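Protein chains in written order, with our numbering: chain A, 8 to 800; chain B, 642 to 932.
Everything below concerns the one structure shown next.
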C-alpha cells in the first residue's frame, strides 16, 4: 500500500510541476527595511474578491486570468499597500511592506484588513509575533514565548514556574514544538522555569491546537511552530538586552546585500557569576547557568531558489565541587541542538517546494568523581529528518499541499560507566539503544466550492517501524531479567504501525464578517515521554512505540462561530471541541523510569476524553488592543492502577480558565501592558492516610521512634483540588529618544501585582509533638518587579 | 576615573544581586485547608528474617492512621497470632516446614519475635498472621550470600586533617538475579535495618539487572575519620523483597515539586494490608581507618 502511495505522490508531483500556468502571480512579501520575509501576510485581488496568505517562507501565489488588477498586500503591524499590476502569464512580484511608524497625532496600531479569522478555513490556529511577546510582562523580565501562548484559550499553563503547557486536555508530550522545522524535545531551561526560545531570534510563532492540517502530525494535541528570523539583508544591525538574570545579544546583517544574510543570537544567565562572591563557603562549589545560541543564514540563488541554514545550540549546566575536598566533583549538562538545511524552489507560479534536511538531538550527560572512582552517565535522542513540502495552486479554487517526511530516530536510554583507578578496566552498563523509522505522506486540498462554502480535506498516511539492532531481554512477572533475549538484526522490523489520518476543515461564510467552521481530524503519536511528574525534568526519556507500547491516537471534533465587528476592530469567536484519546500512557506509580531496561513493562495504557467551549474576543485597532479568552472544559483519564478501571479528572482538568491581555499606547514613547490569568486549581492525588514505621529495634534502648509514610488510595486518583490559580502582571515599555543609529527601550515589569500566593506544590506536615497534620502550600513568586534594558543600533 | 567606573559596576552588581537573592529566596509556605476524603484503615506488616542474629528477626504489626485523626504513638496491633515457618524444598511441590511462633513484647506494641529464629541461606520462609479471624501471609527466601571481597581506604587531606574514602570490592556472581541492600554503621552505633533506616546515606539498594557478573568497586562520596571502625553489610534478597524495598525507598524520598504518588509493592497477601516479609542473606566485614 505504501508503495502505491509513493507512486501516486510522484505522479502528482509530475503533474503539478508540468502544469505551467498561463496567468498567475507569485512572489515573496518582505519587510522593506530588513528584507525579512513575512509569514501569513495577506495578498488579495480587489476586483476578484479573492486572496491568499504567504506561507511559512513568505511565499504567495495567486491564479487569475490575464488582466490588470489591484493587489492589496497587508500584514499585522505594517502599512497596507495597494498596487495595480498587469498580470500576463507567469508574473513574479515580490512586495516590500513598511513597518508601521507611530504617528504623534494619532497613535494607533492596526491589524490586517482582511477578515482572516473569518475567511480562512483553518480554525483553532493563532499567530503571534515575537515583538508582541516582548512587550508583555515577564517573570524576571525574561521574555518567554511558551508562557505567552498559555494566555490563549484552550492552552493551559503547567502552573507556577513551568513552561509546560496542556492543549485541550492533552499531555505535555502531546505538543510538537518546532524551531525552524526541527523538533525541540525539551523546550525548557532551569527545570521548566524558562523556555529555550530567545525572542530576539524569533520571527513568528504559530500555534495549532485543533483542526490540524495534513502537513503536521506526530503529536496529538498541538503544533507550536517557531520560525527564526532570517537576518537583515540590507544592513548590519545589533540588538541586545540586559536583564536581571540574563543578557542577550543579536547580530544580523547582509553577507551579500539583497542576496544573503545571517543572524546570530546568544543568551546566557549570569546568576552564578553574580552570586559567587557572596555565597557561603559550604555552597560555594555550586554553579548553575544556561545559555543558548541561534544561528541562521540564507542565500537567494535566484528568483526561484533560496537556501537556508539554521541551527540552535543550548545547554543547562549544573556543577558542584566540594569546598572541602577537591576530589569530590559532580557536573550535569543537558540541552538541545539542531542544524537544518532548507531549499525553497519555485517551479512556476503554481508550484512551490520546500526541502529540508535536519539533524537534531537532546542529550543529558552526568559526571561524578570521588577520589579514585569516576562515574559517567549519558542518555539522549537523535533524529535525522528529511522532508519535502509542496504548495500547488491548481486553480483559483484549489490550493493543494502535499509532501512526505521521514525521520530516523535513535534512542539512547542510558549508558553508564564506572572507573576505579585501582582496576584496569572501566565497567560500562547500557540500556540497549532503540531505533525507529517514522515516515508520513500527506495531501490536502483547500477547495472553495462556492464563494461561501470552502472545504479543506486532507489525508495523512503515518508509518512507524521500530527496527533493530536490538536485543530485548525478557523479564518475569516480578520484573527480574530471565537471561533470555529476543534479538533483532540491523534494520530488522520489530513492530510496524500504520495509520490513516483524515483531516477535514469546513468553512461556511454567513456574511462578509461572520462564518461557521467545522473540523474533524485524527492523529497518531508514536513517541511518548516517560515521566511521572507534572514538571519537565532533564532526565525524562522519550520512548518509541514498540511491541508493548502502542501509539497514542486522538480524534478531535470542533466547531466554531467567528464574527468580526467595527471594520475588523473586534474579532470574536466561540469554539466547541470534543477530543477522544486512546492508548494514553501512564507509568506504574513509583516506577523507576531512568536507567530501566524493563521500562515498557512499567507502562499502563488507558484512555482520555476532553471537551469544552472556548470564547475569544480580540481588539485589533486603537490605542487599546489585546484579547480576553475564556475556556470552560472538562478532561478525564481512564486507567487501571490495579484496582480496576477508574475514570478520574486529569491533573490539568480546569473547569474555568481565563486570560486577559491588554496593551495601551499611552504616548509615542510609552505603552502599558496588563495580563490577568485565572484557572481552576489542578487536580492532585494526596495521601489519605499514613503508615507508621519504626526506626529499627534498638535493643539497648527499647525506645522506638515512630514516623509515618504517605499511603495513597488508587481508587480516588486526582480527587483533591489545589486552590485556584490567579495572577495579574503589568509592564511599561519606554522607548528612549532615538538617535540616528542608536535606539533603546526599557521594559519595567511587575509580576503578580497583588501578591497572590499560587500553589507550586503541596505537602502534608506531621507534628509528632502535637499529634497533628497540616497541609502546607509552597508558593514561589510574590510581587516581583524587574527591569530590562534593550538596545539596538 | 577607573576607580569611579569600578565603583559603579560594583554597585550595579550588588543591586542586581540583591534583587535576585530577594526574589529567589522569597519562595514561602503557608498553611492551607484541603478537603481530603477519608480512607479505610489497613494493616501494616513489617517483618524480617536474616541470617545475622535472632534479635533482628521480628514482626511489627500496626494500623494505618487517618490524616484526620492522627495519633503518632504506634498504632500497634498486639492481638494477632503470628508464625514464621521455615521451609526446606525437598522436591518441586514437596516442602518440609518448621514452625516458629512469635510472641509479643510488652514494651513495644505490635512487636513479635522468637529468640530461636535465625534465617538460613537457601531456605524459604512463610509469614502467617491471624487477626480477628482474618488470615494474612507472605513468603520470602534467603538467597546465597554474596561475600565482600575487601574494604579499602584512600587517605586524603582536608587541609592538614587526614580523612579516608571507603571503597567496597566484591565479585558479583555470574548467575543473574542478585538484589542487594548495602548498609554500613560505625561500630559505636546500633544496628538498624528497619523501614525507618531508609532513605539514609548509609543505605543503598541496587540489583544486577544491568551489570551481572561484574567485579564491583563501590566508592562512597564521603570521607571517614581516621581511627573509626566501620561495619559493612552486604545483604542479598529475593526479587519480591527487593521490589518492596525499591518502592518503599521511592516513597520515602518522594517530596517537593516533583513528587508523585507512589504505590508500595507489598508482598503480604490478605485484605487491606500493606507490607512485606523481608529475607536478607547478609555478608559482613569490618575496617578500621588508619594512616
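No residue lacks a Cβ here, since even glycine has one placed at the ideal position from N, Cα and C.
Note that this is a predicted model, so its numbers are computed, not measured.
Under 8 Å by beta carbon: chain B residues contacting residue i
i: residue 427(A); result: 808, 858 and 860
i: residue 786(A); result: 668, 669, 670 and 671
i: residue 438(A); result: 851
i: residue 764(A); result: 669 and 671
Chain B contact residues for residue i, given Cβ-Cβ distances below 7 Å
i: residue 696(A); result: 680, 705, 706, 707 and 708
i: residue 378(A); result: 795, 797, 806 and 860
i: residue 730(A); result: 673
i: residue 276(A); result: Simply none; closest approach about 10 Å.
Under 9 Å from the C-beta of residue i: neighbouring residues of chain B
i: residue 419(A); result: Near residue 419(A) there are no residues of chain B at all, since even the closest Cβ is about 14 Å away, more than 9 Å.
i: residue 604(A); result: 850 and 851
i: residue 721(A); result: 902 and 904
Residue-level contact to chain A via CB, residue i, 8 Å cutoff
i: residue 825(B); result: no
i: residue 666(B); result: Because the pLDDT at residue 666(B) is just 49, under 50, the model does not fix this residue reliably, and the value given afterwards should be weighed accordingly. It does not; no Cβ of chain A falls within 8 Å.
i: residue 904(B); result: yes
i: residue 735(B); result: no
i: residue 851(B); result: yes
i: residue 864(B); result: yes
i: residue 789(B); result: no
i: residue 675(B); result: yes
i: residue 801(B); result: no
Test: residue i CB closer than 8 Å to a CB of chain B
i: residue 537(A); result: no
i: residue 705(A); result: Confidence in residue 705(A) is poor, its pLDDT being 49 and thus under 50, which makes the residue's placement too unreliable to answer from.
i: residue 112(A); result: With a pLDDT of only 35 at residue 112(A), under the threshold of 50, the placement of this residue in the model should not be trusted; the figure read from the coordinates follows. By this cut-off, residue 112(A) is not an interface position.
i: residue 783(A); result: yes
i: residue 550(A); result: no
i: residue 693(A); result: yes
i: residue 211(A); result: no
i: residue 771(A); result: yes
i: residue 490(A); result: yes
i: residue 690(A); result: no
Chain A residues whose Cβ lies nearer than 7 Å to that of residue i
i: residue 818(B); result: 487
i: residue 855(B); result: 434
Nearest-angstrom beta carbon gap, residue j and residue i [assumed within contact, 8 Å]
i: residue 792(B); j: residue 865(B); result: So it is not a contact: roughly 11 Å between Cβ atoms.
i: residue 759(B); j: residue 700(B); result: With 8 Å as the limit, residue 759(B) and residue 700(B) do not qualify as a contact, their Cβ atoms being about 15 Å apart.
i: residue 367(A); j: residue 392(A); result: 7 Å
i: residue 209(A); j: residue 152(A); result: 7 Å
Test item: CB-CB of residue i and residue j under 8 Å
i: residue 468(A); j: residue 447(A); result: yes
i: residue 475(A); j: residue 512(A); result: no
i: residue 397(A); j: residue 412(A); result: no
i: residue 238(A); j: residue 268(A); result: yes
i: residue 597(A); j: residue 891(B); result: yes
i: residue 664(A); j: residue 688(A); result: no
i: residue 192(A); j: residue 388(A); result: yes
i: residue 299(A); j: residue 205(A); result: yes
i: residue 754(B); j: residue 746(B); result: yes
i: residue 578(A); j: residue 130(A); result: no
8 Å Cβ cut-off: residues of chain A touching residue i
i: residue 915(B); result: 698 and 718
Interface residues of chain C facing residue i [CB-CB closer than 9 Å]
i: residue 727(A); result: Within the model displayed, chain C is absent; protein chains A and B are what it includes.
Can you list, in chain order, the residues of the region 874 to 902 of chain B whose Cβ is nearer than 9 Å to any Cβ on chain A? 879, 880, 881, 883, 884, 887, 888, 889, 891, 892, 893, 895, 896, 897, 898, 899, 900, 901 and 902
Of the residues that make up the region 584 to 598 of chain A, which ones have a beta carbon closer than 8 Å to any beta carbon in chain B? 595, 596 and 597
Return the residues of the region 321 to 334 of chain A that lie within a Cβ-Cβ distance of less than 7 Å from chain B, sorted by chain order. 331, 332 and 334
Scan the region 610 to 634 of chain A for residues whose Cβ lies nearer than 9 Å to a Cβ of chain B and list them as they occur along the chain. none
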